[in-house]
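J.: I have a structure here, written as structure tokens, and I will follow up with some questions on it.
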Amino acid sequence: MKHLSASLAGLSVFKRLKKQCGMSRITALAAFLVCLLSSPLAPALQRDGIGDAAIGELAGRAMSEFAVPGMAIGIVKDGQVVFAKGFGLREVGKKALIDTDTLFKIASNSKAFTAAALATLVDEGKIAWDGLVIDYIPEFRMHDPWVTAGFTVTDLLTHRSGLAPFKGDMLLWPEPNSFTQADVIHALRYFEPVSGFRSGYAYDNLLYIVAGEIIPRVSGKSWGEYLESNIMRPAGMKHCFADRIPAKAMRNIATPHGVIEGRLSVIERGRIPRQPPISAAAGGVICSLGDMLTWVRTQLNNGTTPDGVELYSARQGREMWKPRTLRGVSERAYELNRTHFSAYGLGWRLTDVHGFLEVSHTGTLAGMRSYVVLIPELELGVVYLSNGAGSAARRSVMNSIVRSFMPVEQVDWVQMEIDEIALEREAEKQRQELEKATESEQPCTPCRMPDLSLLAGRYRDPWFGDVIIRLEDRRLMFAAEKSPKLLGPLTHYEGRQFIIRWIDRSLEADAYIQFETNEDGEVSGMTMSKLDRGDYDFEDLDFERVE
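Residue numbers (the working numbering): 5 to 551.
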């Protein structure tokens, strides 16, 4: 498998000299030839990308080291698929193998599909990137009326709302739940900003749900119907779904896995559903490796599919890859990748890696990971899909493959991740020991148990809805009406504070609950906070007792 040649690399440099420096073709060519003949780095441009056998070894090593049952890896180079293969099992304990048609959740790589769908509507003149959201969804409200009045379609896609990161994600996860798009739109008015509007980057999912809702408002089709009829099927993507998945397609699906209490297990709540979840516009596309490679070829070809069908104009392609919101660049990113800038576009992350523009996105859901990387100057696209919760596997595989096409020193990314995990585990061990020592100093031993019957009742949060605290067999149980996976017993901690440990241990999001009283000493509400370092925003909940 041949990949990067000196002529292609040279063409890339020549184009950059001409474009970035404003040189004429002759001047740029002369400058390029001088550099090529005099630079000691020139021979490094001759190297090829990673070979097929090496990819197999890399995948096997990553799966073994990071507890990932299976993965699918594909590479597009110069407009062609040059590698596509599945590795490992669809589900532990079963014989079915992953292939290029196996369906995966692509998670947040769905955001680029939502952006592309909106781009088609921009091409048709039905919406504008700078169009006001309230013109398409009149009931849309942010906490600040001034922000509401100026909020645009672009703002929905670029993580610059002023809200805290992942604000309101409990409306989306854990799945399944019974929240609706209307619930999401209504909830936004209750979320107070933590920074100025358009002043900084803070990743969100809820606003992509709002963006997805624009599609049926102006097209008459649901988000899923529109994506399938206007993006996926015209591109020939027969194993990619945004709407209800046919029963036949469900025969070849990857099952999500994670390490739960020390054992690699299926995460039942993360199984691929036939119906699109509420999170669909932010993370609900289901797709195979083969079709994701078609998507990558279309992206690299400015919105035109391999069969010559224009899904969206090249102009809209440039709009989606235009930096909109600046992101921070860590010292680590500079050391490893010589990164100087990082930004977010419309459904894509944008950065520079060893002098090349990288357009990419990751996807993370319970027991599944995805990663798409595009290097336009190299006409390179790489796709990674897995049915394991190992983000270290994702990073090490993708970094190994993508960097192999660049004239840079190659490193052992798998070993680097192994070393990082060892350091993180040691730090976590020290943190837990410190917490244990601190807890032993607390004077509440034994603590007086409050009358549990006085705590039982119905509690309501304005955006999350109702929670029932019921007394069963002399213990309290927590049950969220619209999010049934949030179910578990309460263990007394101290005073009116309890610890809730969810029955579904894959959540890894145990929490504290503090019952509040009014001036008459009656239980009037409750608040929650994290016990574990999970992603659930319990601190945003403020329950009032209603029964």
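Backbone N, C-alpha and C define an ideal beta-carbon position, used for all residues, glycine too.
Mind checking Val198: buried by the 16 CB within 10 Å criterion, or exposed?
T.: Exposed is the call here.
J.: Classify Phe70 as helix, strand or coil using the three-state DSSP reduction.
T.: Correct three-state label for Phe70: helix.
J.: Between the Cα of Glu383 and those of Val363, Ser292, Gln279 and Tyr540, spot the shortest distance and give me the residue it belongs to.
T.: Ranking the options by Cα distance to Glu383, first place goes to Val363.
J.: Any contact between the stretch 243-257 and the stretch 355-373? By contact I mean 3 or more CB pairs, one from each, below 8 Å.
T.: Contact between the stretch 243-257 and the stretch 355-373 is absent, because fewer than three Cβ pairs lie under 8 Å.
J.: For the alpha helix (DSSP H) holding Val126, just list the boundary residues, first then last.
T.: It spans Ser114 to Asp127 - the alpha helix (DSSP H) in which Val126 sits, taken as one unbroken run.
J.: Expressed to the nearest angstrom, what Euclidean distance is found between the alpha-carbon atoms of Met296 and Gly224?
T.: About 27 Å.
J.: If we ignore side chains and look at the alpha-carbon of each, how far apart do Asp624 and Leu293 end up?
T.: No statement about residue 624 is possible, as the shown extent of the chain runs from 5 to 551 and does not include it.
J.: Rounded to a whole number of angstroms, what is the C-alpha to C-alpha distance between Gly349 and Arg452?
T.: C-alpha separation (whole angstroms): 54 Å.
J.: Flag this pair as yes or no: are the beta carbons of Pro169 and Ala206 separated by less than 8 Å?
T.: Yes, the Cβ-Cβ distance between Pro169 and Ala206 is below 8 Å.
J.: Asn391 to Ser269, Cα distance in whole Å?
T.: Roughly 11 Å separates the two Cα atoms.
J.: So, with DSSP's three-state summary, where would you put Lys326?
T.: The answer is coil: DSSP assigns Lys326 none of H, G, I, E or B.
J.: According to the neighbour-count rule (16 or more other Cβ atoms, all chains shown, within 10 Å of its Cβ), is Asn522 buried or exposed?
T.: Result: exposed.
J.: Look at the alpha carbon of Glu520 and the alpha carbon of Asp455, and state the distance between them as a whole number of angstroms.
T.: Approximately 14 Å between the Cα atoms of the pair.
J.: Identify the residues that DSSP records as bridge partners of Ser269: which are they?
T.: For Ser269, which the question treats as bridged, DSSP gives the partners Gly262.
J.: Using a Cβ distance threshold of 8 Å, determine whether the stretch 317-336 contacts the stretch 89-107, with at least three qualifying pairs required.
T.: Output reads no: the stretch 89-107 does not touch the stretch 317-336.
J.: Quick one: what does DSSP say Leu293 is sitting in, helix, strand or coil?
T.: Here Leu293 sits in helix by DSSP.
J.: For Gly385, report the span of its beta strand (DSSP E) as first-last.
T.: Start and end: Leu384 to Ser390.
J.: Considering Met530, what are the terminal residues of the alpha helix (DSSP H) in which it resides?
T.: Looking at the DSSP string, Met530 is not in any alpha helix (DSSP H); the run it does join, the beta strand (DSSP E), is Val527 to Lys534.
J.: Grab me the residues of Pro327's own chain with a C-beta within less than 7 Å of its C-beta, minus the 5 sequence neighbours each way, in chain order.
T.: Closer than 7 Å at the Cβ level, and outside the excluded window around Pro327, lie Ala347, Gly349 and Leu354.
J.: What's the gap between the Cα of Tyr463 and the Cα of Glu179?
T.: Distance between the alpha carbons of Tyr463 and Glu179: 21 Å.
J.: Compute the minimum distance between the beta carbon of Leu304 and the heavy atoms of the ligand COA, and state whether it is under 7 Å.
T.: In the structure shown, the ligand COA is absent, as is every other ligand, since no ligand is present at all.
J.: In its own chain, which residues sit with a C-beta less than 6 Å from the C-beta of Thr308, not counting the 5 before and 5 after it?
T.: Excluding sequence neighbours, Thr308 sits near Glu314.
J.: So which of Phe201, Met402, Leu210 and Glu265 has the shortest CA-CA distance to Ala191?
T.: Ranking the options by Cα distance to Ala191, first place goes to Leu210.
J.: Please say whether Leu458 and Leu480 have beta carbons closer to each other than 8 Å?
T.: Against a cut-off of 8 Å, the Cβ pair of Leu458 and Leu480 comes out as no contact.
J.: Quick one: is Asp544 buried, meaning 16 or more other Cβ sit within 10 Å of its Cβ, or exposed?
T.: Asp544 should be labelled buried.
J.: How long is the line joining the alpha carbons of Val550 and Gly461, rounded to whole angstroms?
T.: When rounded, the distance between both Cα atoms is 8 Å.
J.: Straight-line CA distance for Ala515 to Phe482?
T.: Distance between the alpha carbons of Ala515 and Phe482 is about 11 Å.
J.: In the structure shown, what three-state DSSP assignment does Leu494 receive?
T.: Three-state result, Leu494: strand.
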